[in-house]
Amino acid sequence: MGKSVSRVKCVLLYSGGLDSLLAAKVLMEMGIEVTGLHCILPYFPPDLDIEGLKSTQLANQIGLQLIHYRCGVEYIDMLRKPCHGYGKEINPCIDCKLFFMKIAAGFINELNADFVATGEVVGQRPMSQLKHTLNHIEKESGLAGKLLRPLSAKLLKPTIAETDGRVDRNSLLDINGRGRKRQFELAKIYGITDFELPGGGCLFTDSHIASRIRDAFKYFTNITPLDLCLLKFGRHFRINEKLKIIVSRNQHETEELEKYSNYADYFFRPEFSGPSIFVKGIMSGSDKKIISGILTRYSKLSEPEKRIIIYMKNEAMEEIAAGSPVNEDEIDLWRI
Numbered sequence: 017m018g019k020s021v022s023r024v025k026c027v028l029l030y031s032g033g034l035d036s037l038l039a040a041k042v043l044m045e046m047g048i049e050v051t052g053l054h055c056i057l058p059y060f061p062p063d064l065d066i067e068g069l070k071s072t073q074l075a076n077q078i079g080l081q082l083i084h085y086r087c088g089v090e091y092i093d094m095l096r097k098p099c100h101g102y103g104k105e106i107n108p109c110i111d112c113k114l115f116f117m118k119i120a121a122g123f124i125n126e127l128n129a130d131f132v133a134t135g136e137v138v139g140q141r142p143m144s145q146l147k148h149t150l151n152h153i154e155k156e157s158g159l160a161g162k163l164l165r166p167l168s169a170k171l172l173k174p175t176i177a178e179t180d181g182r183v184d185r186n187s188l189l190d191i192n193g194r195g196r197k198r199q200f201e202l203a204k205i206y207g208i209t210d211f212e213l214p215g216g217g218c219l220f221t222d223s224h225i226a227s228r229i230r231d232a233f234k235y236f237t238n239i240t241p242l243d244l245c246l247l248k249f250g251r252h253f254r255i256n257e258k259l260k261i262i263v264s265r266n267q268h269e270t271e272e273l274e275k276y277s278n279y280a281d282y283f284f285r286p287e288f289s290g291p292s293i294f295v296k297g298i299m300s301g302s303d304k305k306i307i308s309g310i311l312t313r314y315s316k317l318s319e320p321e322k323r324i325i326i327y328m329k330n331e332a333m334e335e336i337a338a339g340s341p342v343n344e345d346e347i348d349l350w351r352i
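Shown next as structure tokens:
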């Protein structure tokens with residue numbers, strides 16, 4: 017005899033988007049105990065306030081309990097060489113989904129859950145949510161028969177939990193395509209008044225960030241989550257194969273780079289109004305002059321005799337004169 021409905025449990029891949037909120041609500045309305053698994057990509061900062069995240073607050077409005085999982089080096093290894101390739105930029109949508117699925121599968125035993133659920137909708141995304149792709153992901157994830165998509169379940173083969181009665185298939189949905197009308201109607205029915213509107217995808221779809229990630233993969237063997245996080249801040253320049261710098265653009269970015277100055281190989285701090293510079297790599301004397309000129313280019317230097325202090329692991333190593341600003345043509349040669 018199967019479990020009573022009140023004891024049925026599932027792990028829901030939760031993104032914070034409306035679809036995952038609705039998928040959770042559909043299952044919760046059946047009396048199923050739903051635990052949301054929120055996978056946090058490695059480009060989020062180490063000091064991230066989990067409870068302050070918008071996605072956490074959105075889950076709270078429907079009483080969805082969350083487990084937060086921080087993706088680390090294993091995710092970065094997948095990002096470097098995804099088996100199913102990239103989308104338009106450096107977004108490994110299929111492999112990313114598989115990564116999350118396998119993490120969720122690991123929580124089935126830990127939580128004594130019956131199956132994994134997602135908010136995926138057939139035909140909504142061209143790379144990862146076509147019907148044949150959804151079937152492929154289910155097979156590759158090791159969750160064959162244990163992966164339920166409540167919003168489109170009636171368009172897909174029944175899962176084990178549906179065939180044995182733990183989940184009422186008649187209460188599941190048949191949403192299809194890219195339109196959001198039915199989701200908005202459901203949100204109104206369920207009283208979900210706060211939700212994120214559909215966006216343009218994750219940070220890996222951003223062409224500027226993608227260029228910086230490609231550069232990091234080309235020149236660095238070991239990439240950490242903090243390396244990816246720092247790609248979001250400042251202007252990035254590759255001085256040569258062994259040297260890269262990040263130049264802050266405003267006070268906020270200066271403060272962010274300062275947080276991680278101990279992680280830099282060198283850190284340039286001006287004694288005048290100007291940006292800080294985070295340096296990774298091997299730096300020669302001529303490189304110092306170039307970096308000084310870049311710093312000056314983006315500063316408000318009114319007194320040429322002002323100095324720049326170079327730090328190594330937060331220990332002052334050397335003082336140099338503020339160099340002559342480099343010109344825009346030179347800047348563009350180094351820009352990532």
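Residue numbering for the sequence shown follows this note's numbering, starting at 17 and increasing by one per position. All C-beta atoms, glycine included, are put in the ideal place defined by N, C-alpha and C.
| Check | Outcome |
| --- | --- |
| Can you name the residues that DSSP bridges to Asn192? | Val138 |
| Helix, strand or coil for Tyr235 per DSSP? | helix |
| In three-state DSSP terms, what is Val24? | coil |
| Using DSSP's beta-bridge definition, name the partner residues of Gln73. | Per DSSP, none; premise fails for Gln73. |
| In angstroms with no decimal places, state the Cα-to-Cα distance between Lys104 and Thr221. | 7 Å |
| Quick one: using the 10 Å Cβ neighbour count with 16 as the cut-off for buried, is Gln81 buried or exposed? | exposed |
| What residue from Ala169, Arg285, Ile261 and Lys322 has the CA that sits closest to Ile298's CA? | Ile261 |
| Would you call the segment 158 to 166 in contact with the segment 112 to 123, where contact means no fewer than 3 C-beta pairs closer than 8 Å? | yes |
| With DSSP collapsed to three states, give me the class of Gly301. | helix |
| Sort out for me which residues DSSP pairs Phe335 with in a bridge. | Note on residue identity: the sequence assigns Glu, not Phe, to residue 335. Glu335 is bridged to Ile325. |
| Below 8 Å on the Cβ atoms is my guess for Phe116 versus Leu29; work out the distance and round it to an integer in Å. | 5 Å |
| Would Ala40 be called buried (16 or more neighbouring beta carbons within 10 Å of its own) or exposed? | buried |
| So if DSSP puts Glu49 in a beta bridge, which residue, or which two residues, is it bridged to? | Lys25 |
| Under 6 Å Cβ to Cβ from Leu244, same chain only, skipping five residues before and after it: list those, please. | Pro58 and Tyr59 |
| Where DSSP assigns a beta bridge to Glu212, which residues make up the other side? | Gly33 |
| Would you call the segment 164 to 180 and the segment 60 to 78 touching, i.e. three or more CB-CB distances under 8 Å? | no |
| Quick check on Gly135: buried or exposed, where buried means 16 or more other Cβ atoms within 10 Å of its Cβ? | buried |
| Kindly indicate which three-state DSSP category Lys260 falls into: helix, strand or coil? | strand |
| Excluding the five sequence neighbours on either side, which residues of its own chain have a C-beta within less than 8 Å of the C-beta of Asp210, listed in chain order? | Gln73, Leu74 and Gln77 |
| Please state whether DSSP places Ser313 in a helix, a strand or coil. | The sequence as given places Arg at residue 313; Ser does not occur at that position. Helix. |
| Where do the ends of the alpha helix (DSSP H) carrying Leu177 lie? | Sequence check: residue 177 is Ala here, not Leu. Taken as a continuous stretch (DSSP letters only), the alpha helix (DSSP H) holding Ala177 covers Ile176 to Thr179. |
| Does the beta-carbon distance from Leu53 to Val27 come in below 8 Å? | yes |
| Do the CB positions of Asn278 and Lys329 come within less than 8 Å of each other? | yes |
| How many Å lie between Ser31 and Cys218 at the Cα? | 11 Å |
| Work out the CA separation of Val183 and Glu49 for me, nearest whole Å. | 12 Å |
| Under 8 Å, do Leu311 and Pro286 count as touching if we go by C-beta distance? | yes |
| Could you give the C-beta distance for Tyr235 and Glu257, rounded to a whole number, given that I count them as a contact under 8 Å? | 6 Å |
| For a quick check, are the C-beta atoms of Leu163 and Thr175 less than 8 Å apart? | yes |
| For Met94, collect the residues of the same chain with a Cβ closer than 6 Å to its Cβ; drop the 5 residues on either side in sequence, then sort them by chain order. | Asp111 and Phe115 |
| Does any C-beta atom of chain B lie closer than 8 Å to the C-beta of Cys55? | Among the chains of the structure shown, chain B does not appear; only one protein chain is present. |
| By Cβ distance, which residues of its chain are closer than 6 Å to Met44, with the 5 residues on each side in sequence left out? | Val50 |
| If I measure Cβ to Cβ from Tyr314 and keep anything under 7 Å in the same chain, skipping five residues before and after, which residues do I get? | Val263, Gly290 and Pro291 |
| So, under 8 Å CB-CB, Ile352 and Asp231 are touching, yes? Tell me the CB distance rounded to an integer number of Å. | 5 Å |
| Which term fits Gly339, buried or exposed, when burial requires 16 or more other beta carbons within 10 angstroms of its beta carbon? | buried |
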